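Just below is one structure, and these are the notes that go with it.
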Amino acid sequence: MKQLKQLLERMDYECIQGELNKEISELVYDSRKLTQNSLFVCVKGAVADGHRFVADAVEKGAAALVVSDEVHVPETVTVIKVKDTRYALALLSAAYFDYPAEQLKVIGITGTKGKTTTTYMVKSILEGAGYKVGLIGTIETIIGDEIIPSANTTPESYLVQKYFRKMADISCDCCVMEVSSQGLMMHRTAGFLFEIGIFTNIEPDHIGPNEHASFEEYLECKGRLFSQCKIGILNADDVHYKDILKYHTCEVETFGFSGAADLCASDMKLLHGAGSLGVSYHVSGKLDFDVKIDVPGRFSVYNSLTAIAICRHFHVGIGIMKQALLQAKTKGRIELVKVSDEFTLMIDYAHNAMSLKSLLSTLREYEPKRLVCLFGCGGNRAKSRRFEMGEVSGQMADLTIITSDNPRYEDPQAIIDDIKTGIQKTNGAYIEIIDRKEAIRYAVTHGRPKDVIVLAGKGHEDYQEIQGKKYPMDERVLIEEVLKEERIKR
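Numbered continuously in our numbering, the sequence shown closes out at residue 862.
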């Protein structure tokens with residue numbers, strides 16, 4: 373039980389009615405989880421407004437309500453009025469879990485691309501140096517041996533604080549987390565101070581209904597992180613990095629290929645191995661050493677350089693950094709799967725035209741004999757994505773294998789036909805194989821020396837959604853099954 377007055381101690385509020393000296397059993401923002409003597413925060417969401425459930429909250433025995441609108445309830449119920457209930461939820465959650473972020477060093481990474489991979493690189497390096505590290509991100513939350521699949525890149529503030537508390541309770545030293553622009557806009561990370569905030573890059577994305585009204589708003593939301601951290605580390609090569617710092621209150625460092633950056637990458641070389649691709653470069657400035665990673669592309673240099681810039685502040689030795697970066701892997705992000713010494717196969721989450729173009733451009737730099745792109749598109753989503761992805765693959769891949777993704781409530785063939793509309797604007801060769809496993813079989817069994825084959829769109833997902841039901845489907849498992857069935861030796 374918590375004292376209501378204690379939960380409110382760091383907040384600006386007005387007590388409209390009732391007593392503050394009340395015992396609170398639970399902090400609740402989902403009306404379906406209301407309990408006797410709970411504190412119900414009336415959050416306004418994209419779909420529902422918590423104020424609509426006030427009567428239900430009273431009936432279920434809520435002791436107090438946090439509101440931004442006028443409500444009429446019995447005088448026995450305490451009503452706390454605030455300007456923004458989402459912001460209030462973040463502060464209440466921090467208090468409810470006894471401010472766990474103050475027991476951790478929290479690292480927040482924001483940017484259009486690179487967040488997920490960089491968090492895993494940082495975790496790998498810090499653990500190599502003996503730190504106990506929690507992680508919150510797009511794929512999963514990791515707390516010791518506990519793995520929690522993610523619904524959002526940045527969870528609701530209550531969950532963020534709950535996860536911090538679990539991490540602190542098992543003596544984690546730090547937490548590295550992805551911080552989305554939506555998470556910042558919706559105050560999911562309010563109520564605590566980040567040790568380090570990171571800006572990777574920004575491109576027009578997440579702009580539209582229920583996301584950001586404009587690129588300017590998107591930019592402003594990203595920038596909020598740098599008024600909520602002690603140290604800000606930013607990509608000096610991004611044309612918007614100074615805009616991101618408009619309202620910053622932190623110390624500032626930079627990284628990039630720019631010679632003016634505090635950590636500068638140079639002498640980048642593309643590496644070819646037996647069925648693998650990688651990159652090497654030299655880092656100079658605040659540190660000076662050579663780096664090699666078994667993940668391809670220029671953006672891999674940025675991701676690893678970001679991780680180095682962060683881990684420098686934890687006094688990690690250069691040898692540990694180099695070893696950890698060689699071993700760091702991120703599920704579904706340029707994830708190389710060894711199937712042959714003759715050609716390279718990888719899995720990536722690229723699921724829109726922008727990410728697919730970036731991926732295929734990177735792989736083109738390795739001058740493959742053929743660049744083969746296997747992908748589908750999700751059902752019940754904008755058709756424009758299908759046309760655009762089809763056109764990008766048709767222009768940039770030597771062969772496109774069109775298959776099924778998550779058809780949801782649509783006919784998989786209809787989705788494939790839409791992709792074909794885009795690809796037929798180009799001269800790109802393509803085939804269609806509706807069953808994803810059979811499409812993978814075709815890709816593997818028809819792989820030629822020096823091919824680069826990418827399975828795009830599913831990434832870390834281990835299911836296929838059809839008619840409202842999720843069926844197990846992990847591309848790593850499908851590849852293993854194909855190799856066994858075809859008796860292909862790796």
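Note that beta-carbon positions come from the ideal geometry of N, C-alpha and C, so glycine has one too. Predicted model, so just to flag it, every value in this text is computed and none were measured.
What's the C-alpha gap between residue i and residue j?
{"i": "Tyr-385", "j": "Gly-433", "result": "22 Å"}
{"i": "Leu-677", "j": "Ser-440", "result": "44 Å"}
{"i": "Gly-762", "j": "Ser-648", "result": "26 Å"}
{"i": "Gln-408", "j": "Val-430", "result": "9 Å"}
{"i": "Gly-335", "j": "Ile-603", "result": "For residue 335 there is no data in the structure shown, the boundaries of the chain being 373 and 862."}
{"i": "Ser-730", "j": "Gly-669", "result": "10 Å"}
{"i": "Glu-858", "j": "Gly-650", "result": "28 Å"}
{"i": "Arg-537", "j": "Tyr-471", "result": "8 Å"}
{"i": "Thr-798", "j": "Ile-706", "result": "26 Å"}
{"i": "Thr-457", "j": "Tyr-401", "result": "10 Å"}
{"i": "Cys-414", "j": "Val-449", "result": "14 Å"}
{"i": "Ile-507", "j": "Thr-793", "result": "A quick correction: the sequence has Leu, not Ile, at residue 507. Distance between the alpha carbons of Leu-507 and Thr-793: 41 Å."}
{"i": "Arg-758", "j": "Ile-851", "result": "25 Å"}
{"i": "Ala-460", "j": "Thr-484", "result": "27 Å"}
{"i": "Lys-664", "j": "Thr-490", "result": "15 Å"}
{"i": "Gln-836", "j": "Ile-860", "result": "26 Å"}
{"i": "Ser-733", "j": "Ser-543", "result": "43 Å"}
{"i": "Thr-525", "j": "Gly-509", "result": "5 Å"}
{"i": "Ile-682", "j": "Val-426", "result": "45 Å"}
{"i": "Arg-808", "j": "Val-711", "result": "17 Å"}
{"i": "Ile-805", "j": "Val-445", "result": "60 Å"}
{"i": "Gly-691", "j": "Leu-643", "result": "21 Å"}
{"i": "Lys-534", "j": "Cys-547", "result": "13 Å"}
{"i": "Ile-479", "j": "Ser-496", "result": "14 Å"}
{"i": "Leu-565", "j": "Leu-464", "result": "15 Å"}
{"i": "Arg-560", "j": "Lys-416", "result": "13 Å"}
{"i": "Ala-562", "j": "Ser-553", "result": "13 Å"}
{"i": "Ile-605", "j": "Asp-615", "result": "14 Å"}
For residue i, which residues of its own chain have a beta-carbon under 8 Å away from its beta-carbon, when the five flanking residues on both sides are left out?
{"i": "Ala-815", "result": "Leu-717, Val-744, Leu-746, Ile-773, Ile-825 and Leu-827"}
{"i": "Ile-519", "result": "Glu-512 and Thr-513"}
{"i": "Cys-636", "result": "Phe-627, Gly-628, Phe-629, Ser-630, Val-655, Ser-656 and Gly-657"}
{"i": "Gly-486", "result": "Thr-572, Asn-573, Phe-671, Tyr-674, Asn-675 and Thr-678"}
{"i": "Ala-632", "result": "Ala-608 and Thr-626"}
{"i": "Ala-725", "result": "Arg-757, Glu-760, Met-761, Glu-763 and Val-764"}
{"i": "His-612", "result": "Ile-574 and Leu-591"}
{"i": "Gly-704", "result": "Ile-511, Ile-719, Asp-720, Tyr-721, Lys-830, Gly-831, His-832 and Glu-833"}
{"i": "Glu-447", "result": "Gln-389 and Gly-390"}
Given that a residue counts as buried once 16 or more other Cβ atoms are within 10 Å of its Cβ, and exposed if not, what is residue i?
{"i": "His-687", "result": "exposed"}
{"i": "Gly-422", "result": "buried"}
{"i": "Thr-621", "result": "exposed"}
{"i": "Pro-784", "result": "buried"}
{"i": "Ala-754", "result": "exposed"}
{"i": "Val-868", "result": "No answer is possible for residue 868: it lies beyond the span of the chain, which begins at 373 and ends at 862."}
{"i": "Ile-803", "result": "exposed"}
{"i": "Gln-600", "result": "buried"}
{"i": "Val-849", "result": "exposed"}
{"i": "Glu-847", "result": "buried"}
{"i": "Lys-477", "result": "buried"}
{"i": "Ala-786", "result": "exposed"}
{"i": "Ala-473", "result": "buried"}
{"i": "Phe-598", "result": "buried"}
Can you round the beta-carbon distance between residue i and residue j to whole angstroms, since I take them to be within the 8 Å contact cut?
{"i": "Tyr-468", "j": "Thr-572", "result": "Not really, about 32 Å apart at Cβ, beyond 8 Å."}
{"i": "Ala-436", "j": "Lys-394", "result": "6 Å"}
{"i": "Ser-397", "j": "Ala-462", "result": "Rounded, the Cβ-Cβ distance is 20 Å, inconsistent with contact."}
{"i": "Thr-775", "j": "Ala-722", "result": "Between Ala-722 and Thr-775 the Cβ distance is about 14 Å, and since that is not below 8 Å, they are no contact."}
{"i": "Lys-830", "j": "Asp-777", "result": "7 Å"}
{"i": "Asp-545", "j": "Val-494", "result": "With 8 Å as the limit, Asp-545 and Val-494 do not qualify as a contact, their Cβ atoms being about 12 Å apart."}
{"i": "Val-443", "j": "Val-451", "result": "6 Å"}
{"i": "Ile-481", "j": "Ile-570", "result": "4 Å"}
{"i": "Cys-593", "j": "Met-549", "result": "Contact flag wrong, Cβ pair sits at about 16 Å."}
{"i": "Tyr-619", "j": "Ser-638", "result": "With 8 Å as the limit, Tyr-619 and Ser-638 do not qualify as a contact, their Cβ atoms being about 32 Å apart."}
Leaving out the 5 sequence neighbours to the left and right, which residues in its chain are closer than 7 Å to residue i when beta-carbon positions are compared?
{"i": "Gln-767", "result": "Thr-798 and Gly-800"}
{"i": "Gln-475", "result": "Ala-540"}
{"i": "Arg-820", "result": "Phe-715, Lys-741 and Arg-742"}
{"i": "Ile-680", "result": "Leu-635, Val-655, Leu-659 and Met-693"}
Give me, in chain order, the residues of the same chain whose beta-carbon lies closer than 6 Å to that of residue i; leave out the 5 immediate sequence neighbours on both sides.
{"i": "Leu-708", "result": "Ser-648 and Met-718"}
{"i": "Thr-527", "result": "Going by the sequence as given, residue 527 is Pro instead of Thr. So no residue of the chain qualifies."}
{"i": "Val-411", "result": "It is Leu, not Val, that sits at residue 411 in the sequence shown. Within the same chain, Leu-411 has close Cβ partners Ile-396, Leu-399 and Ala-436."}
{"i": "Gly-750", "result": "Asp-777 and Asn-778"}
Inset, instruction - Enumerate, from N- to C-terminal direction, the unbroken alpha helix (DSSP H) stretches of 4 or more residues contained entirely within the segment 486-543. - result: 487-500 and 529-541
Legend entry - Every unbroken beta strand (DSSP E) within the segment 612-680, with a cutoff of 3 residues, ordered by chain: When DSSP assignments are scanned along the segment 612-680, the uninterrupted stretches of beta strand (DSSP E) that are 3 or more residues long and fall wholly within it turn out to be 623-628, 635-645, 648-657 and 661-665.
Inset, instruction - Return the chain-ordered ranges of every alpha helix (DSSP H) run that is complete within the segment 715-742 and spans a minimum of 4 residues. - result: 725-736
Inset, instruction - Could I get the ranges of all uninterrupted alpha helix (DSSP H) runs contained in the segment 423-475, with 4 residues as the minimum, in chain order? - result: 426-431 and 457-468
Legend entry - Entirely enclosed beta strand (DSSP E) segments - the segment 802-829, minimum 3 residues: 824-828
Inset, instruction - Kindly provide the ranges of any alpha helix (DSSP H) runs that are 4 or more residues long and lie completely inside the segment 756-805, ordered along the chain. - result: 784-795
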